[in-house]
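A.B. asks: Take 1 as the starting number for the sequence shown in the numbering used here and just add one per residue.
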Amino acid sequence: MRKGDNGEFMKMGLLIEVAKETKKKIKKLSNSPFRYAGGKFYARKLILECIPKHTYYCEPFAGGASIFFAKDKVRHNWLNDLDEELINCYGFIQRSPEHILKVLNGAKPSKGMHHHFKNMFKPSNNLERAARWYFLNRTSYSGIMQQQNCYFGYGDKYSMRPENWLNHLKTCSERLQNVKLTAYDFEKVINNVPDNAFLFIDPPYFNADQEKFYCCYFSKEEHYRLNRVLKKNANRIKFLLTYDNTEEIRNMYAWALTKLDREWNYVLNRTDDQKNGRKLEHGYRSNRYKGKEIFILNYEIDTSLKRFKSDDDIRRERLRSNDMEEQIPLLNI
Ligand SMILES: C[S@@+](CC[C@H](N)C(=O)[O-])C[C@H]1O[C@@H](n2cnc3c(N)ncnc32)[C@H](O)[C@@H]1O
Numbered sequence: 001m002r003k004g005d006n007g008e009f010m011k012m013g014l015l016i017e018v019a020k021e022t023k024k025k026i027k028k029l030s031n032s033p034f035r036y037a038g039g040k041f042y043a044r045k046l047i048l049e050c051i052p053k054h055t056y057y058c059e060p061f062a063g064g065a066s067i068f069f070a071k072d073k074v075r076h077n078w079l080n081d082l083d084e085e086l087i088n089c090y091g092f093i094q095r096s097p098e099h100i101l102k103v104l105n106g107a108k109p110s111k112g113m114h115h116h117f118k119n120m121f122k123p124s125n126n127l128e129r130a131a132r133w134y135f136l137n138r139t140s141y142s143g144i145m146q147q148q149n150c151y152f153g154y155g156d157k158y159s160m161r162p163e164n165w166l167n168h169l170k171t172c173s174e175r176l177q178n179v180k181l182t183a184y185d186f187e188k189v190i191n192n193v194p195d196n197a198f199l200f201i202d203p204p205y206f207n208a209d210q211e212k213f214y215c216c217y218f219s220k221e222e223h224y225r226l227n228r229v230l231k232k233n234a235n236r237i238k239f240l241l242t243y244d245n246t247e248e249i250r251n252m253y254a255w256a257l258t259k260l261d262r263e264w265n266y267v268l269n270r271t272d273d274q275k276n277g278r279k280l281e282h283g284y285r286s287n288r289y290k291g292k293e294i295f296i297l298n299y300e301i302d303t304s305l306k307r308f309k310s311d312d313d314i315r316r317e318r319l320r321s322n323d324m325e326e327q328i329p330l331l332n333i
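1. Select from GLN147, TYR56, ARG175 and SER32 the residue whose C-alpha is nearest the C-alpha of PHE200.
2. Specify the secondary structure class of ASN227 as computed by DSSP and reduced to three states.
3. DSSP three-state label for CYS89, please.
4. According to DSSP, is SER140 part of a helix, a strand, or is it coil?
5. Have a look at LEU176 and ASN31 and give me their C-alpha separation to the nearest angstrom.
6. Please give me, in chain order, every unbroken run of the alpha helix (DSSP H) with length at least 4 that falls completely inside the stretch 67-138.
7. Output the residue ranges of the beta strand (DSSP E) runs that lie fully inside the stretch 190-218 and measure 3 residues or longer, sorted by chain position.
8. Only counting the same chain, and skipping five residues up and downstream in sequence, which positions put a Cβ closer than 8 Å to that of PRO52?
9. Can TYR184 and ASN119 be called in contact, C-beta distance under 8 Å?
10. Quick check on DSSP: helix, strand or coil for ILE249?
11. Can we say the stretch 64-80 touches the stretch 30-44, given the rule of at least three CB pairs closer than 8 Å?
12. Can you confirm whether the stretch 96-107 touches the stretch 130-137 when touching is taken to mean that 3 or more C-beta pairs between the two stretches lie within less than 8 Å?
13. Between SER173 and ILE87, is the Cβ-Cβ spacing less than 8 Å?
14. Whose C-beta lies closer than 8 Å to the C-beta of ARG75 among residues of the same chain, with five residues either side of it excluded?
15. Using the C-alpha atoms, what's the distance from LEU241 back to PRO230?
16. Compare the Cα-Cα distances from HIS168 to each of GLU98, LEU46 and LEU297 and report the closest residue.
17. Whole angstroms are fine: how far does the CA of PRO60 sit from the CA of PRO204?
18. If you draw a straight line from the alpha carbon of GLU221 to that of GLU263, how long is it in whole angstroms?
19. Take ILE47 as the anchor and find which of ARG35, ALA65, GLN147 and TYR158 has the nearest alpha-carbon.
20. Could you tell me the distance, in whole angstroms, from the CA atom of ALA62 to the CA atom of ASN178?
21. Nearer than 7 Å: is that true of the beta carbon of ILE190 relative to any heavy atom of ligand 1?
22. Taking 7 Å as the cut-off, is the CB of CYS215 close to at least one heavy atom of ligand 1?
23. Please confirm whether PHE295 and LEU257 have their CB atoms less than 8 Å apart.
24. How big is the Cα-Cα spacing for GLN146 and HIS114?
25. Might you give, ordered along the chain, the residues of its own chain that have their beta carbon closer than 6 Å to the beta carbon of LEU297, omitting 5 neighbours on each side?
26. Taking C-alpha atoms, which residue in CYS216, ASN196, SER219 and TYR217 lies nearest to ASN364?
27. Please state whether DSSP places ASP273 in a helix, a strand or coil.
28. If we count the other Cβ atoms within 10 Å of its Cβ and call it buried at 16 or more, is GLY112 buried or exposed?
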């Protein structure tokens with residue numbers, strides 16, 4: 001070793017340690033097993049910043065549960081959604097993810113295969129129901145599962161490729177261990193969570209044509225019913241509710257402690273079913289939109305906290321990992 005080499009060597013060691021520490025501090029958020037219309041993927045950072053300390057976590061309107069998968073897991077967790085097909089699929093991801101792929105038997109995303117699983121394949125048991133649901137979710141435009149609007153929407157350049165499905169399902173399965181899964185109406189869930197539980201509440205939108213996206217959707221009266229149930233439970237639980245930012249919603253929740261206007265960017269990939277011109281299989285094509293919502297909380301927060309990566313960082317990371325999630329503009333499908 002020459003004179004001076006030892007000093008350089010130590011400097012290098014120090015730099016490696018600092019890099020390791022920095023890496024540890026940047027949180028890697030994990031992703032939902034599903035693509036989900038109205039999912040909160042691009043708003044995760046903003047939502048995570050507002051979540052208070054808790055030991056019991058619940059999502060009464062879980063959908064793709066992108067917040068559950070992104071946040072730190074706590075001791076007790078409950079995911080609920082009225083959509084039984086979705087919850088049945090979560091159940092198999094939790095218990096035996098590899099069986100889902102065994103049923104799919106190497107099926108590759110294509111219009112023909114999408115048509116097969118959507119219209120021809122008749123599941124004879126719950127595992128087959130789960131496999132059908134999973135395949136259609138991964139290969140449909142924006143993960144929209146509502147029968148009339150469930151179109152083929154897979155593109156190699158931005159969708160998760162089938163060779164990555166198993167690993168991703170296994171990661172999700174680990175996260176889902178010991179999580180309570182139910183397909184109840186939200187009222188039963190909110191009335192039954194224990195005192196001091198924290199609930200992330202993401203109901204169907206108030207003004208959007210939500211019956212186009214979801215198999216289970218809301219009438220106006222149900223938005224008012226949710227408001228009554230939350231008010232009744234407000235002093236024994238903490239909740240963060242997200243909604244489209246309308247005057248009626250603001251008035252309805254005049255009683256809640258904190259309201260935050262929030263905006264984020266998101267990307268929408270267009271399939272050839274939606275747009276003429278260059279087709280998905282010929283490359284990636286996207287438009288940028290702005291999500292604008294109101295967060296309604298029954299507790300106070302320190303809004304100066306910023307612990308997570310920016311939306312653009314997250315988007316770049318997902319592009320690199322070939323797993324872009326699509327989101328649909330609220331009023332314009
Ligand atoms: C906006 S989505 C939730 C999206 C989710 N936060 C995500 O990140 O993917 C609303 C969900 O509410 C569910 N839903 C509709 N009516 C319901 C009800 N009465 N009780 C429970 N869930 C319901 C729908 O099936 C849908 O999955």
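Just so it is clear, CB atoms sit at the ideal spot from N, CA and C, and this is done for glycine as well. Quick caveat: nothing in here was measured; it's all calculated off a predicted structure.
C.D. replies: In short, the structure shows the following:
1. Translated into the one-based positions of the sequence shown, residue 200 becomes position 200. When each option's Cα is compared against that of PHE200, the closest is TYR56.
2. Taking the first residue of the sequence shown as 1, we reach residue 227 at position 227. The answer is helix: DSSP assigns ASN227 an H, G or I state.
3. Translated into positions along the sequence shown, residue 89 becomes position 89. Note: CYS89 maps to helix in three-state DSSP.
4. The residue labelled residue 140 in the question sits at position 140 within the sequence shown. Looking at SER140 - three-state DSSP - the assignment turns out to be strand.
5. The residue labelled residue 176 in the question sits at position 176 within the sequence shown. The residue labelled residue 31 in the question sits at position 31 within the sequence shown. If I take the Cα positions, the gap works out to 12 Å.
6. 84-95, 97-104 and 111-115
7. 198-201
8. Your numbering for residue 52 matches position 52 in the sequence shown. Contacts found: PHE198, LYS238, TYR299 and ILE301.
9. Counted from its first residue, the sequence shown places residue 184 at position 184. Counted from its first residue, the sequence shown places residue 119 at position 119. Contact flag unset, no.
10. Position 249 of the sequence shown, counting from 1, holds the residue named residue 249. Helix.
11. yes
12. yes
13. To locate residue 173, count along the sequence shown from 1; it is residue 173. To locate residue 87, count along the sequence shown from 1; it is residue 87. Result no, Cβ atoms of SER173 and ILE87 do not sit closer than 8 Å.
14. Here the question's residue 75 lines up with position 75 in the sequence shown. Closer than 8 Å at Cβ, skipping near neighbours: THR55 and TYR56.
15. Counted from its first residue, the sequence shown places residue 230 at position 230. Counted from its first residue, the sequence shown places residue 241 at position 241. Going by the sequence as given, residue 230 is Leu instead of Pro. If you take the alpha carbons of LEU230 and LEU241, they lie about 10 Å apart.
16. As a working mapping, residue 168 is identified with position 168 in the sequence shown. With distances taken between Cα atoms, HIS168 lies closest to GLU98.
17. Looking up residue 204 in the sequence shown gives position 204. Looking up residue 60 in the sequence shown gives position 60. So the alpha carbons of these two residues sit roughly 11 Å apart.
18. Along the sequence shown, one-based indexing puts residue 221 at 221. Along the sequence shown, one-based indexing puts residue 263 at 263. Computed Cα separation, rounded: 27 Å.
19. Taking the first residue of the sequence shown as 1, we reach residue 47 at position 47. The candidate whose alpha carbon is nearest that of ILE47 is ALA65.
20. Here the question's residue 62 lines up with position 62 in the sequence shown. Here the question's residue 178 lines up with position 178 in the sequence shown. Roughly 16 Å between the two C-alpha positions.
21. Within the sequence shown, residue 190 is the residue found at index 190, counting from 1. No, since every heavy atom of ligand 1 falls outside the 7 Å radius drawn around the Cβ of ILE190.
22. Here residue 215 refers to the residue found at position 215 of the sequence shown. Checking the Cβ of CYS215 against ligand 1 gives yes.
23. Indexing the sequence shown from 1 puts residue 295 at position 295. Indexing the sequence shown from 1 puts residue 257 at position 257. In this structure, LEU257 does not lie closer than 8 Å to PHE295 by Cβ.
24. Here the question's residue 146 lines up with position 146 in the sequence shown. Here the question's residue 114 lines up with position 114 in the sequence shown. Answer to the nearest angstrom: the Cα atoms are 14 Å apart.
25. Indexing the sequence shown from 1 puts residue 297 at position 297. Counting only Cβ-Cβ distances below 6 Å, and skipping sequence neighbours, we find LEU240 and THR258.
26. Only positions 1 to 333 of the chain appear in the structure, and residue 364 is not among them; the question remains open.
27. To locate residue 273, count along the sequence shown from 1; it is residue 273. Annotation note: pLDDT 43 at ASP273 (below 50); position unreliable, coordinate value reported separately. DSSP places ASP273 in coil when its eight states are reduced to three.
28. Taking the sequence shown and counting its residues from 1, one reaches residue 112 at position 112. Its Cβ having fewer than 16 others within 10 Å, GLY112 is exposed.
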